[in-house]
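Step one of this worksheet: look at the structure below.
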Amino acid sequence: MDLFRVLTDASPLLLKGLRMTVGITVMSLVLAMILGVFTCLFAISERKALRPLRWLAAFYVWFIRGTPMLVQAMYIFFALPQLLRLITGANVQISVFTASLVTLTMNAGAYLSEIFRGAINAVNKGQMEASRSLGLSYGQSMTKVILPQAVRICLPSLVNQCIITLKDSTILYAIGLSEIMYYGKIYVGRTFESLATYTWIAIFFLAVVSLLSFISKRIERRLSL
Amino acid sequence: MSVNENMNDNGIMNAAEETAAEMHLSGITGGVKKVDRSDPKIIVKGLKKSFGSLDVLKGIDAEIDAGEVVCVIGPSGSGKSTFLRCLNLLETPTGGDIYVDGDCITDKNADINKIRRHIGMVFQQFNLFPHMDVLTNISMAPITLKVLNKAQAEERARDLLRQVGLSDKETYKPADLSGGQQQRVAIARALAMHPDIMLFDEPTSALDPEMVGEVLGVMKQLAAEGMTMVVVTHEMGFAKDVADRVFFIDEGIILEQGTPDEVFNHPKHARTKTFLNKVLT
Ligand SMILES: Nc1ncnc2c1ncn2[C@@H]1O[C@H](COP(=O)(O)OP(=O)(O)O)[C@@H](O)[C@H]1O
Ligand SMILES: [Mg+2]
């Protein structure tokens, strides 16, 4: 079997790619959580003063959900610099890494905001009322009563989104990000070992995703109400 | 979630012309509208509430004295809950004014969060916080609002648990309690903020019959201690025993009010009689 020979041979390259894949996924997920929380808070706010932000949030989610991530990546990497050149006249360059990070973050942020919104809405309406009736403000009620319950509710979907983002990061291969597919492709080009290489890449993903699922099950059990 | 709407800012979203009138008034008094302090604890003047085109409260006038226990009865859908929820502005009135301790709480300058601190509310569905244990449910508000420090708040929570007979349950999660126990915790939670008014919205309606007594017992004790209470209830026995006055609300107005004897034994209106016949037989 060539499988193990290929593994020892290709592992320096593939691990380099995997490091990028996992690294950019983690970074974008951290940023996307922040983006997602704010987008969600704007989306559910009913204050008149925040209405433009609510529209902006709705537009953002609509746009991300309505376009493939490949198109978004191409747009940010190729089309955006051209647009900026048209507007400012300056020659703007966006690095592959930056474009990839922005794409992945924007994408996960939109889906996370929807996940958060669903979870907040799933918390019983009486919880907010009970909290407000004690004299807590809207913000205090959110942080003390609603969000802790919403986090428990959305945890499975949250982990699911992390998995999707990890796997979707391979799409960024198309704009030249040096992630795992990029190095896999290089190795295959050099050795023609398609079967072994892609088998290992699939196994890498399965291992990381299984680990994530395992951790999330444990957290879920500990947080259960 | 739709509660936000009522609750942002000061929870006041009156019509523009009303706001203008109040600005004029508060310009004179330099703040919140006032009435004489010797007046009743709660004064309700021409209270109206509509949901869209549905007029639920059509002009309620009422005065409730300190220490008084008022039971609110009436057919389902007549606006009892809406009336109660207006008293702590969980619903924003669409007309009229409410005064508590002489302060107009429907004034747009009123600090709604401050006002709610001394008006406790108990809900039909308990609405305990499921992610907190019993002790934290009770101590959370005074700690968060910095009325008490953690040690003081927990001491007070333990006192209250003793009062409602649940001293042994402080580490329990709400889900591990019976309905009657949950409702007693909910009463303790409301009392933790030292309210001087307590609102109850059908506190025993979600309970199995054998648990109704324990909750009514706690409420009786509270009434005996001089708490001002407004209780929406279908427990006519409780209303007869404990209430100083009974309001019969029908189709958004207080159709009839008086002592329990007047309302239950000598009702004036045909609709009151019909309602009482239905619930008492
Ligand atoms: N948030 C709301 N939105 C729309 N309609 C409501 C709302 N709350 C109550 N209502 C309506 O107002 C009427 C009175 O309700 P409620 O005060 O709960 O009655 P009761 O407590 O006497 O049974 C009902 O017709 C109910 O459907
Ligand atoms: Mg009701």
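So the sequences go chain by chain: A and B. Start counting the first sequence at 1; every next residue gets the next number (this note's numbering). Start counting the second sequence at 1001; every next residue gets the next number (this note's numbering). Backbone N, C-alpha and C define an ideal beta-carbon position, used for all residues, glycine too.
Quick one: does the C-beta of residue 1080 of chain B sit closer than 7 Å to a heavy atom of ligand 1?
Residue mapping note: residue 1080 of chain B aligns to position 80 of the second sequence, counting from 1. Yes.
How far does the alpha helix (DSSP H) with residue 1078 of chain B in it reach, from first residue to last?
Along the second sequence, read from residue 1 onward, the residue named residue 1078 of chain B stands at position 78. Element bounds for residue 1078 of chain B: n/a, residue is neither H nor E.
Quick check: the segment 1166-1186 of chain B against the segment 1124-1131 of chain B, are there 3 or more CB pairs under 8 Å?
Taking 8 Å as the limit for Cβ pairs, the verdict is that the segment 1124-1131 of chain B does touch the segment 1166-1186 of chain B.
At a CB-CB cut-off below 8 Å, which residues of chain B make contact with residue 148 of chain A?
Walking along the first sequence from the start, residue 148 of chain A turns up at place 148. Per Cβ cutoff of 8 Å: 1131.
Under the criterion of a Cβ to heavy atom distance below 7 Å, does residue 1235 of chain B qualify as lining ligand 2?
Locating residue 1235 of chain B in the second sequence gives position 235, where the first residue counts as 1. No - ligand 2 has no heavy atom lying nearer than 7 Å to the Cβ of residue 1235 of chain B.
Using the beta-carbon count (16 or more within 10 Å), is residue 1175 of chain B buried or exposed?
Within the second sequence, the letter at position 175 stands for residue 1175 of chain B. Residue 1175 of chain B comes out exposed.
Alpha carbon to alpha carbon, how far is residue 1053 of chain B from residue 1045 of chain B?
Along the second sequence, read from residue 1 onward, the residue named residue 1053 of chain B stands at position 53. Along the second sequence, read from residue 1 onward, the residue named residue 1045 of chain B stands at position 45. Those two C-alpha atoms are separated by around 21 Å.
Given a limit of 9 Å on CB to CB distance, which residues of the segment 96-129 of chain A reach chain B?
Going along the segment 96-129 of chain A in chain order, one finds 120, 121, 123, 124, 125, 126, 127, 128 and 129 with a Cβ nearer than 9 Å to chain B.
Using 10 angstroms around the beta-carbon of residue 1028 of chain B, count the other beta-carbons present and answer buried if the total reaches 16, otherwise exposed.
Within the second sequence, residue 1028 of chain B is the residue found at index 28, counting from 1. With a pLDDT of 36 at residue 1028 of chain B, under the threshold of 50, the modelled position of that residue is not reliable, and the figure given next carries that caveat. Exposed, since its Cβ has fewer than 16 Cβ neighbours within 10 Å.
From B:1216, B:1276, B:1235 and B:1197, pick the residue whose C-alpha is nearest to that of residue 1065 of chain B; which is it?
For the purposes of this step, residue 1065 of chain B is identified with residue 65 of the second sequence, where counting begins at 1. The shortest Cα separation from residue 1065 of chain B among B:1216, B:1276, B:1235 and B:1197 belongs to B:1197.
Would you mind stating whether residue 1145 of chain B and residue 136 of chain A have Cβ atoms separated by less than 8 Å?
Locating residue 1145 of chain B in the second sequence gives position 145, where the first residue counts as 1. Locating residue 136 of chain A in the first sequence gives position 136, where the first residue counts as 1. Yes, the Cβ-Cβ distance between residue 1145 of chain B and residue 136 of chain A is below 8 Å.
Find out if the Cβ-Cβ distance for the pair residue 1050 of chain B, residue 1094 of chain B is shorter than 8 Å.
If you number the second sequence from 1, residue 1050 of chain B lands on position 50. If you number the second sequence from 1, residue 1094 of chain B lands on position 94. A contact, by the Cβ cut-off of 8 Å.
Quick one: what's got a C-beta closer than 8 Å to residue 1179 of chain B's C-beta in the same chain, skipping five residues either side?
Indexing the second sequence from 1 puts residue 1179 of chain B at position 179. Counting only Cβ-Cβ distances below 8 Å, and skipping sequence neighbours, we find 1126, 1206, 1207, 1208 and 1211.
Among residues of its own chain, excluding the 5 on either side of residue 212 of chain A, which ones have a beta-carbon nearer than 7 Å to its beta-carbon?
In the first sequence, residue 212 of chain A corresponds to position 212, counting from 1. Same-chain partners within the cutoff: 159, 162 and 163.
Spatial neighbours of residue 1042 of chain B within its chain, please: C-beta separation below 6 Å, excluding the five flanking residues on both sides.
As a first step, residue 1042 of chain B must be located in the second sequence, where it is residue number 42. Cβ neighbours of residue 1042 of chain B beyond the five flanking positions: 1064 and 1100.
Grouping DSSP H, G and I as helix and E and B as strand, with all else coil, what is residue 1245 of chain B?
As a first step, residue 1245 of chain B is located in the second sequence; it is residue number 245 there, counting from the start. In the structure shown, residue 1245 of chain B sits in a strand (DSSP, three-state: E or B).
Using a C-beta to C-beta distance shorter than 9 Å, which residues of chain A count as neighbours of residue 1149 of chain B?
Position 149 of the second sequence, counted from the start, is the residue given in the question as residue 1149 of chain B. Correct list: empty, because the minimum Cβ distance to chain A is about 17 Å.
Quick check: what's the CA-CA separation for residue 133 of chain A versus residue 1047 of chain B?
Counting from one through the first sequence, the residue named residue 133 of chain A turns up at place 133. Counting from one through the second sequence, the residue named residue 1047 of chain B turns up at place 47. Going by the C-alpha atoms only, they are around 20 Å apart.
Check whether the Cβ atoms of residue 1264 of chain B and residue 1255 of chain B sit closer than 8 Å, and answer yes or no.
As a position in the second sequence, residue 1264 of chain B is number 264, starting the count at 1. As a position in the second sequence, residue 1255 of chain B is number 255, starting the count at 1. In this structure, residue 1255 of chain B does not lie closer than 8 Å to residue 1264 of chain B by Cβ.
Please report the straight-line C-alpha distance between residue 93 of chain A and residue 82 of chain A, rounded to a whole angstrom.
Along the first sequence, read from residue 1 onward, the residue named residue 93 of chain A stands at position 93. Along the first sequence, read from residue 1 onward, the residue named residue 82 of chain A stands at position 82. Using only the alpha carbons, I get a separation of about 9 Å.
Buried or exposed: where does residue 71 of chain A fall if 16 or more other Cβ atoms within 10 Å of its Cβ makes it buried?
Along the first sequence, one-based indexing puts residue 71 of chain A at 71. That one is exposed.
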